[in-house]
Amino acid sequence: MKSLVAQTELVIVQGDLTQQEVEAIVNAANSRLMGGGGVDGAIHKAGGPQILVECKEIVNRQGSLPPGEAVITSGGNLKSAYVIHTVGPIWRGGNNNEAVLLKNAYNNSLKLAKENGIKTIAFPSISTGAYAYPLEQAAEIALSTVLDFIKKDTHFSEVRFILFNEDILNVYQKKCLSMI
Ligand code: AR6
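Sequential numbering from 30 applies to the sequence shown in this note's numbering.
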C-alpha cells in the first residue's frame, strides 16, 4: 500500500530490502556491526565487503553501537548509495526499555538520513527476527515513530517498509490503516 502523509509517500510492501532502489536502506544490525544472519547477513552478502570494512572502522573509532543508535556507511555494490546501521533491542519480556530503544532506532535512523541529505529510505521490521520483539507491538512502534516524524518534518519524499513475508506485511498494513 501507498499513502501520502503530509509531503512523504509512505510505502508498505512485501519484498527484499537489498533490492530496493532508494538512497538508503536501514540495516537491523548488532552492536558489534560485524554482520550476522537475517537482513544483516543479506545486506552484507549483496553489498560486498566494503560495507564491513566501513563498519569495522566505525567500531574501531567509537566502540560498539548501543541499541537505539545509528551509523552510516556506503552501500557497496547495492543499488542504494548508503546503508544506515541501527541496533534494535533484544526482546527480554518488555520491561527492559525495549519500546524506547526500538523507537530510538527508527528516529535516529531518520535523523541520520536527513543529516546526510537522503530523501528516500527503506526499513525492515527491526528486532522482529532474531531479536524476537513481538510483531504487533514492533509494528505499532515502527509505524507511529515514522508517522510522527513525517507529519512534522517534510524532508523525506519516500519512506518504505519492506516486509519479508505476507504475514508481516499484513500486520503492518492493518496497523497502518488504523493509524492514518
Ligand atoms: N529483506 C527484508 N526483510 C528481511 C530480509 C530481507 N532481505 N531478510 C530478513 N528479513 P532480523 P533483528 C526480515 O533477524 O530481529 C542479525 O543476525 C526478517 O524476516 O534480520 O533486528 C543481526 O546481526 C524479520 O522480519 O533482525 C543481529 O544479530 C526482520 O527482517 C540480529 O540478527 C528482522 O529480522 C538482529 O535481529
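In this text, a Cβ means the ideal position worked out from N, Cα and C, and glycines have one as well.
For residue i, which residues does DSSP report across the bridge?
i	result
GLN43	LEU192
LEU33	GLU38
ASN56	HIS114
ALA99	THR115
Nearest to residue i by CA position, among the options, is which residue?
i	options	result
PHE193	GLY44, GLU144, GLU38, LEU33	GLY44
ALA35	TYR201, ASP177, LEU198	ASP177
ILE155	ASN145, ALA99, LYS140, LYS148	ALA99
ASN137	ILE41, ILE72, ASN56	ASN56
GLU144	VAL88, ALA71, PRO78, PHE185	PHE185
LYS140	GLN48, ILE113, TYR201, VAL51	ILE113
GLN202	ASN124, THR149, ALA171	ALA171
VAL129	ILE87, GLY77, SER173, GLN49	SER173
Can you look up residue i in the DSSP assignment and give me helix, strand or coil?
i	result
SER93	coil
ASN277	Residue 277 cannot be examined here, being either before or after the span of the chain that is shown, 30 to 209.
PHE152	strand
THR157	coil
Tell me which same chain residues have a C-beta within less than 6 Å of the C-beta of residue i, skipping the five on either side of it?
i	result
TYR162	TRP120, SER156
ARG189	VAL40, ALA151
SER65	Sequence inspection shows Gly at residue 65; the Ser mentioned does not correspond to that position. Answer for GLY65: ASN59, listed in chain order.
Short of 8 Å in beta carbon distance, which residues of its chain neighbour residue i, apart from the five on each side in sequence? Order them along the chain.
i	result
SER32	GLU38, LEU39, CYS205, ILE209
SER60	SER93, LEU94, PRO95, PRO96, VAL116
SER103	GLN79, ILE80, GLU83, ALA110, TYR111, VAL112
Under DSSP, the beta strand (DSSP E) around residue i begins and ends at which residues?
i	result
SER186	SER186 -> no beta strand (DSSP E), and no H or E assigned at all.
Please list the terminal residues of the continuous alpha helix (DSSP H) segment that includes residue i.
i	result
GLY104	Looking at the DSSP string, GLY104 is not in any alpha helix (DSSP H), and its letter there is neither H nor E.
GLY64	Counting along the chain, GLY64 falls outside any alpha helix (DSSP H), and DSSP gives it neither H nor E.
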